[in-house]
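J.: Dumping the structure here so I can ask a few things about it.
Numbering (the working numbering), first residue to last: 135 to 497.
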């Protein structure tokens with residue numbers, strides 16, 4: 135016996151028959167799909183990708199037809215329907231150069247704060263993405279490093295930590311970033327406190343212990359309340375999954391749990407899907423997002439697109455099956471080398487633009 139389902143598609147009202155599973159003549163079930171509509175789990179919010187300085191720069195080199203093609207694939211109703219983007223506050227490794235919105239340690243009023251560098255490449259790409267989507271995209275903001283003067287090592291690169299005396303200053307700085315996007319009519323949905331707080335990188339990075347992140351969370355929450363930004367969701371961790379549970383246990387208590395909307399994870403160190411299960415079981419109120427994923431060319435063959443696509447599919451399916459509520463790919467566009475990247479950390483992306491031959495290519 136075969137079971138059939140009749141359905142329509144978005145583009146056609148014609149009923150079409152699809153065979154989903156069948157019983158063989160011995161009554162053995164094969165390829166069975168069980169549906170239990172009375173049981174519900176997390177709410178899946180959607181897919182997105184990162185608009186970085188590098189992506190925006192490469193985008194600025196393309197002609198209008200190429201821009202239209204790429205944006206249609208990502209953000210249109212006929213394409214992948216991305217509804218979210220992740221954007222760095224100040225520079226990250228995927229930037230043409232290192233930059234920060236202000237560098238004056240005496241300017242507590244942020245009078246010298248400049249949004250010009252973000253506006254140069256990121257904002258035009260974001261505007262085009264929203265035009266194609268026909269709606270506001272939901273933005274996640276993430277910092278890679280505070281300004282150099284706020285850090286123990288005095289530079290954006292190679293780790294270091296945020297000096298305690300600058301906690302409030304840095305929180306005000308991040309609120310100013312949110313305000314700059316809001317003033318331009320964009321919708322900032324959420325933020326993370328720090329990208330990869332357990333990694334000392336050759337690029338923009340900053341290390342937080344569990345206790346440091348917990349203390350800064352309190353300061354950041356107070357700053358958001360002062361600026362009437364109580365609707366901004368705060369995500370902790372924003373790093374690889376293998377330590378997401380321990381970090382969350384260390385940060386959340388009766389006071390801080392109301393300050394945290396979710397936990398952000400990356401995929402670079404392996405599956406660790408059971409850690410998502412632990413989080414979902416212990417903290418069912420939290421949203422679990424994969425905030426960054428890509429193939430690093432230093433680890434995998436850039437020319438082996440089939441295997442690389444399989445790795446990414448494995449990650450997405452595994453995360454979906456273990457409680458993920460949203461998924462952000464990394465750079466939505468890079469050049470033919472997998473950059474530009476100010477430290478040569480080249481990576482894969484769904485789209486590449488050959489800057490020499492002026493050709494757009496899907497990965």
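Heads up, the beta-carbon is just placed ideally off N, CA and C, and yes, glycines get one too.
It should be emphasised that the depicted structure is a prediction, and the values quoted were computed from it without experimental measurement.
#1: Taking residue 220 as the reference, which of 230, 325, 172 has the closest Cα?
#2: Exposed or buried, which one is residue 317 when buried takes at least 16 other CB atoms within 10 Å?
#3: Let me check one thing: in DSSP terms, what residues is residue 374 bridge-paired to?
#4: Can you tell me which residues form a DSSP beta bridge with residue 540?
#5: Let me confirm a value: residue 169 is counted as buried when at least 16 other C-beta atoms fall within 10 Å, else exposed. Which label applies?
#6: Kindly indicate the opening and closing residues of the beta strand (DSSP E) around residue 252.
#7: Does DSSP classify residue 211 as helix, strand or coil?
#8: Closer than 8 Å is the cut-off here; do at least three beta carbon pairs connect the segment 327-337 with the segment 363-381?
#9: Can you tell me whether residue 465 is buried or exposed? The criterion is at least 16 other CB atoms within 10 Å of its CB, across all chains shown.
#10: Which residues in the same chain as residue 237 place their Cβ atom closer than 6 Å to its Cβ, once the five residues preceding and following it in sequence are excluded?
#11: DSSP beta-bridge partners for residue 469?
#12: Give the DSSP-derived three-state secondary structure of residue 386 in the structure shown.
#13: Taking contact to mean 3 or more Cβ pairs, one atom from each stretch, closer than 8 Å, check whether the segment 197-210 and the segment 297-310 are in contact.
#14: Using 8 Å as the threshold, is the C-beta distance between residue 393 and residue 355 below it?
#15: Between 339, 192, 160, which lies nearest to residue 492 when the distance is taken from Cα to Cα?
#16: Hey, would you say residue 185 sits closer than 8 Å to residue 259, going by beta carbons?
#17: Determine, using beta carbons only, whether residue 233 and residue 225 come nearer to each other than 8 Å.
#18: How about the segment 339-353 and the segment 289-298: do they share at least three Cβ pairs that are nearer than 8 Å?
#19: Relative to the C-alpha of residue 332, which candidate in 462, 345, 488, 451 has its C-alpha closest?
#20: Output the distance between the C-alpha atoms of residue 147 and residue 229, rounded to the nearest integer angstrom.
#21: Out of 474, 426, 456, state which residue places its alpha-carbon closest to the alpha-carbon of residue 255.
#22: Out of curiosity, what's the CA-to-CA distance linking residue 467 and residue 198?
#23: Output yes or no for whether 8 Å exceeds the beta carbon distance between residue 181 and residue 216.
#24: What do you get for residue 487, buried or exposed, if any count of 16 or more other CB atoms within 10 angstroms of its CB means buried?
#25: Of the residues 304, 202, 263, which one's Cα is nearest the Cα of residue 277?
#26: Using DSSP bridges, identify the partner residues of residue 182.
#27: Drop a sphere of 10 angstroms on the beta-carbon of residue 243, count the other beta-carbons inside from all chains shown, and report buried for 16 or more, exposed for fewer.
#28: Using the C-alpha atoms, what's the distance from residue 431 back to residue 480?
#29: Would you grab the beta carbon distance between residue 427 and residue 449 for me? Rounded to a whole angstrom, and I think it's under 8 Å.
#30: Throw me the rounded Cβ distance for the residue 223 and residue 271 pair, which I believe falls under 8 Å.
#31: So what does DSSP say about residue 425, is it helix, strand or coil?
#32: Taking C-beta to C-beta, are residue 459 and residue 421 nearer than 8 Å?
#33: Within the continuous alpha helix (DSSP H) that includes residue 312, where are the two ends?
#34: With DSSP run on the structure shown, which of helix, strand or coil describes residue 477?
#35: By the 10 Å Cβ neighbour count, where 16 or more other Cβ atoms means buried, how is residue 366 classified, buried or exposed?
#36: Round the Cβ separation of residue 457 and residue 176 to the nearest angstrom and send it over; I've been treating them as touching at under 8 Å.
T.: Looking at the coordinates:
#1: 325
#2: exposed
#3: 400
#4: This structure does not reach residue 540, given that the chain is present from 135 up to 497, and the question cannot be answered.
#5: exposed
#6: Per DSSP, residue 252 belongs to no beta strand (DSSP E); it is in the alpha helix (DSSP H), 250-267.
#7: coil
#8: yes
#9: buried
#10: 281
#11: 487
#12: coil
#13: no
#14: yes
#15: 192
#16: yes
#17: yes
#18: yes
#19: 345
#20: With a pLDDT of 45 at residue 147, under the threshold of 50, the predicted position of this residue should be treated as unreliable, though the coordinate-derived value follows. Straight-line Cα distance between these residues: approximately 46 Å.
#21: 474
#22: 15 Å
#23: yes
#24: buried
#25: 304
#26: 218, 462
#27: exposed
#28: 6 Å
#29: 6 Å
#30: Their Cβ separation, rounded to whole angstroms, is 17 Å, which puts residue 223 and residue 271 out of contact at 8 Å.
#31: strand
#32: yes
#33: 301-317
#34: coil
#35: buried
#36: 6 Å
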